[in-house]
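Residue numbers (the UniProt record's numbering): 1 to 357.
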């Protein structure tokens, strides 16, 4: 992180609102440092050099993965949204971290690109006030895009920020933001998108088993669930690469006790079996049969062999064994992921608050 002291830290997603909020304050001659938060569910730190070049910003990546996973394990105090998105608690977590950095580096205030009324729950006036209160940033948080509709904050009252140069944007429309972007001469406009994988139904099918079947899921567990094909049979978890990039990513996430499955003599996916509970021979063979079915050359070799099988290597802690299996896309055991409707029912069954966002 740059060692110079900024006037403000800005929560920065890479979306248009966060860009405009930071630029509005910079245009008042103040130094702004943008904080781009990263978890297994959101964050694109690889884009930081691009953002800095295109938008003239100073951006730092801030990893809050462990704190965020702990939030999920303990369940968000303000509930999940329509899927597994804990939007209110997420904002509180990020603002607490930003406040910590603000104090550490001697900055005067925080900036957020939130727009009053843009989202049905997390950006209502009462919810914005709850976020500000629970994150303990009531005096230091400035929302430049809607500031004219909100109470003056400390940097405005002190005169550090000219309130008259801030905006009063309300609602879901983008017309005001697009006009401001044009006024600022922005040549590249990010496409509007939530950017959080927890808000996507398909991803909830990957994440809910990790959250509920592992005793204490970690950042690495959720990173694993992001990769390739995901299969569950009870507490047996199998991750399988779709391509070389997936295979390499899975290989980096292997930890002691994991089983690695690959077809012995032919190209095949890299499959990682995480042993939440011991795998018996039947389950390992069934998983090996599924892995083998994704090796086209292996399938052809099995079809040509007298017994219809090929060998799959099973490696655990550096020790290898081999199992002969018939490749089957639908093996004997019911491997799969839960349906979203089941995930949603399970969330509601916990009798915790949820919100419509």
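Here a beta-carbon is modelled for each residue, glycine too, at the ideal position from N, C-alpha and C.
Given residue i as reference, the closest of the options once Cα atoms are compared
i, options, result
"residue 359", "14, 220, 317 and 291", "Outside the shown range of the chain (1 to 357) lies residue 359, about which nothing can therefore be said."
"residue 16", "40, 57 and 81", "57"
"residue 28", "120, 230, 161 and 66", "161"
"residue 197", "41, 23, 6 and 20", "41"
"residue 286", "178, 30, 189 and 336", "336"
"residue 374", "253, 124, 210 and 344", "Because the chain spans 1 through 357 in this model, residue 374 falls outside it and cannot be assessed."
"residue 139", "148, 157 and 125", "157"
"residue 128", "254, 88 and 102", "88"
"residue 343", "255, 206 and 226", "206"
"residue 305", "123, 327, 284 and 126", "327"
"residue 61", "300, 74, 39 and 78", "39"
Three-state secondary structure (DSSP) of residue i
i, result
"residue 266", "coil"
"residue 231", "strand"
"residue 340", "helix"
"residue 222", "helix"
"residue 174", "coil"
"residue 51", "helix"
"residue 100", "helix"
"residue 34", "strand"
"residue 212", "helix"
Distance between residue j and residue i (C-alpha atoms, nearest Å)
i, j, result
"residue 308", "residue 334", "22 Å"
"residue 348", "residue 311", "44 Å"
"residue 18", "residue 144", "10 Å"
"residue 117", "residue 251", "44 Å"
"residue 297", "residue 314", "19 Å"
"residue 84", "residue 48", "27 Å"
"residue 176", "residue 275", "52 Å"
"residue 168", "residue 148", "5 Å"
"residue 239", "residue 223", "11 Å"
"residue 244", "residue 229", "13 Å"
Neighbourhood of residue i by C-beta, 7 Å cutoff - its chain only, sequence neighbours within 5 removed
i, result
"residue 152", "163"
"residue 93", "64, 67, 68 and 71"
"residue 155", "108, 109, 142 and 161"
"residue 106", "5"
"residue 332", "286"
Cβ-Cβ distance between residue i and residue j below 8 Å
i, j, result
"residue 111", "residue 8", "yes"
"residue 76", "residue 33", "no"
"residue 131", "residue 91", "yes"
"residue 35", "residue 10", "yes"
"residue 166", "residue 55", "no"
"residue 271", "residue 262", "yes"
Same chain, Cβ closer than 6 Å to residue i, neighbours up to 5 away in sequence not counted
i, result
"residue 24", "144"
"residue 264", "311 and 313"
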